[in-house]
Amino acid sequence: MYALLDSNNYYVSCERAFNPRLEGIPVGVLSSNDGCIVARSDEMKALGVEMGTPRHLLPKHIQQQSVFLSSNYCLYGDMARRITEILRMMTAHVEVYSIDESFCSLIGYPTDTLETHCRNIRETIYQWTGIRVSVGIASSKVLAKVATRAAKKQPWRDGVCQLETDSEETRQLLMKQATNDLWGIAHRTASKLELMGIKNAYDLRQADPKLIRSKLGVVNERIIWELRGYSAIQIEDMDHPRQRIMVSRSFGRTTGIQADVAEAVRVYTSRAAEKLRRQKSVASALLVFIRTNSFHTSSPQYSNRIVVPLEPATDDTLALNAAAQRGLQSIYRRGFGYQKAGVMLMDLQSKQHRQLALGEQSDYVEDAKRERLMGVMDKLNATMGKGTIKIGLPRSNGASQAKVNHRSPRYTTHWNELPIIKAK
428 MYALLDSNNY YVSCERAFNP RLEGIPVGVL SSNDGCIVAR SDEMKALGVE
478 MGTPRHLLPK HIQQQSVFLS SNYCLYGDMA RRITEILRMM TAHVEVYSID
528 ESFCSLIGYP TDTLETHCRN IRETIYQWTG IRVSVGIASS KVLAKVATRA
578 AKKQPWRDGV CQLETDSEET RQLLMKQATN DLWGIAHRTA SKLELMGIKN
628 AYDLRQADPK LIRSKLGVVN ERIIWELRGY SAIQIEDMDH PRQRIMVSRS
678 FGRTTGIQAD VAEAVRVYTS RAAEKLRRQK SVASALLVFI RTNSFHTSSP
728 QYSNRIVVPL EPATDDTLAL NAAAQRGLQS IYRRGFGYQK AGVMLMDLQS
778 KQHRQLALGE QSDYVEDAKR ERLMGVMDKL NATMGKGTIK IGLPRSNGAS
828 QAKVNHRSPR YTTHWNELPI IKAK
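Here the sequence shown stands for residues 428 to 851, numbered as in our numbering.
Printed below as a string of structure tokens:
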């Protein structure tokens, strides 16, 4: 049996854990540069605010009654770490799926005690962190996802739902759930299923696994077995390595200083390299682009991009940054106010099965040194906080730094931002 724990409105919940005044009012968390809504409280959802809506386009009456906060990823990441530690104390095995979702193995617990045990986990997480979670319990991960959805949507369940594979309750839930709401089913796949007469999760459960495998591949066949209660999917099956990795962002302000743009490219390359190593891939090419603000029509406009080949293919931050800076140097033009830059790693391949170029000889000693260096960087940044180890010294007033005018304190990770409690 599995339990899936999903934190409710996670970013907003983290903010409310340290600021109870936010309870009961519409709260929105903003994207980089305080642009779009990336997380909403239930109260804001009730106002009809959609995910990704630019803040400045919201009606005046919504803006006046709502609170908007800059993303505080240091806080959100640390709170997620604390929740994971609690889960590891109280369950046999934990698989972290995302910042707000984790699968837990319930091996060793009698079936009739699972709901009680998961309610205890839920209460402990709330008591120790202030975060509310919903819990779904089932014999497979896909069914656990369905159960968690029910725990969230149906208040009478009080945050926990346990599904029996062949029960009428499970059948009714599957009949009400569209295929594109299932874990692992993309919109394009859902459209193909609909053409085959499969409109909901129960239809998919009843489908011929061999037919689905021949039409849509082995992962979608495994989803059928999961819906039937058999454990057939690993998280890795649902998280395929990306074919390209893009990191880009608008600057906090327009800049005509080349050093500002170079710093942004350096930061974006470092982040892309971390993602590349995380999925154990190497890149054979790198694209870098820059552009001015197209909305400022009265200002001179310029945009350009260039692809830089990487020989050999690499995941080394230093090598990737050197290539990115060469590319930037060739496309940068003076006299323009730049508003955005970005880096894309392309032609990705498995590091383990990297194909050497004709005549290429690998320097195993140097490769091992670089690999250890990158490993140390990633470990320090993971344990001590993002940006602990950087390539180059950031400028304190650099234009590329994102706006965070409404960020709450990083209560749990920065000494000078610890909450202060005063006794009356």
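Ideal placement from N, C-alpha and C gives every residue a C-beta, glycine not left out.
(request) Return helix, strand or coil for N720, following the three-state DSSP convention. (result) coil
(message) Along the chain, where does the alpha helix (DSSP H) containing K572 start, and where does it finish?
(response) K568 to K580
(request) For C588, write down the residues that DSSP places opposite it in a beta bridge. (result) G563
(request) Consult DSSP for E738 and reduce its assignment to one of helix, strand or coil. (result) strand
(message) According to DSSP, simplified to helix, strand and coil, what is R549?
(response) helix
(message) By the three-class DSSP mapping on this structure, what secondary structure does K851 have?
(response) coil
(message) Tell me the DSSP secondary structure of H833 in three-state form.
(response) coil
(request) Let me know if E477 comes out buried or exposed under the rule of 16 or more other beta-carbons within 10 Å of its beta-carbon. (result) exposed
(message) Across the region 757-769 and the region 683-693, are there enough close Cβ pairs to call them in contact, namely three or more that are closer than 8 Å?
(response) yes
(request) With DSSP as the reference, label N731 as helix, strand or coil. (result) strand
(request) Note the first and the last residue of the continuous beta strand (DSSP E) segment covering H520. (result) H520 to S525
(message) Is the separation between the beta-carbon of S434 and that of V560 shorter than 8 Å?
(response) yes
(message) Using only the alpha-carbon positions, how far apart do E621 and C463 sit?
(response) 33 Å
(request) With DSSP as the reference, label K702 as helix, strand or coil. (result) helix
(message) Can you tell me whether T810 is buried or exposed? The criterion is at least 16 other CB atoms within 10 Å of its CB, across all chains shown.
(response) exposed
(request) Please determine if the region 590-610 and the region 629-636 are in contact, where contact requires at least 3 C-beta pairs separated by less than 8 Å. (result) yes
(message) When you compare the CB positions of I672 and A691, do they come within less than 8 Å of one another, or not?
(response) no
(request) State whether the region 445-463 contacts the region 523-535, with contact taken as three or more CB pairs (one from each stretch) at a distance under 8 Å. (result) no
(request) State the Cα-Cα distance for the pair K707 and T724, rounded to the nearest angstrom. (result) 43 Å
(request) Write down the C-beta distance between Y715 and I733 rounded to the nearest angstrom, noting that I regard them as a contact closer than 8 Å. (result) It is worth fixing the name first, because residue 715 is Val in this sequence and not Tyr. Right, the Cβ-Cβ distance comes to about 6 Å (below 8 Å), so this counts as a contact.
(request) Could you tell me the distance, in whole angstroms, from the CA atom of R693 to the CA atom of A659? (result) 41 Å
(request) May I have the straight-line CA-CA distance separating P486 from L474, to the nearest angstrom? (result) 10 Å
(request) Assuming G754 and S675 form a contact by the criterion Cβ under 8 Å, report the distance between their Cβ atoms to the nearest whole angstrom. (result) Their Cβ separation, rounded to whole angstroms, is 14 Å, which puts G754 and S675 out of contact at 8 Å.
(request) Over the uninterrupted alpha helix (DSSP H) stretch that includes L638, give me the two end residues. (result) P636 to L643
(request) Entirely within the region 451-528 and at least 3 residues each: give me those beta strand (DSSP E) ranges in chain order. (result) 454-457, 464-467, 494-497 and 520-525
(request) Determine the direct distance from the alpha carbon of D505 to that of L775, and round the result to whole angstroms. (result) 31 Å
(request) Note the first and the last residue of the continuous alpha helix (DSSP H) segment covering Q766. (result) Not the alpha helix (DSSP H): Q766 falls in the beta strand (DSSP E), residues Y765 to S777.
(request) Could you spell out the range, first to last residue, of the alpha helix (DSSP H) harbouring D630? (result) A628 to Q633
(request) Helix, strand or coil for D743, going by three-state DSSP, please let me know. (result) coil
(request) Taking P636 and I625 to be in contact with their CB atoms under 8 Å, please state how far apart those CB atoms are, rounded to whole angstroms. (result) Their Cβ separation, rounded to whole angstroms, is 12 Å, which puts P636 and I625 out of contact at 8 Å.
(message) Measuring only the C-alpha atoms, how far is F445 from V454?
(response) 14 Å
(request) Classify R676 as helix, strand or coil using the three-state DSSP reduction. (result) strand
(message) What does the Cβ neighbour count give for M516, buried or exposed, with the cut at 16 atoms within 10 Å?
(response) exposed
(message) Which residue wins for smallest C-alpha separation from R508, given the options L845, S618, Q490 and S529?
(response) S529
(message) In the DSSP output, which residue or residues are listed as bridge partners for D433?
(response) E528 and S561
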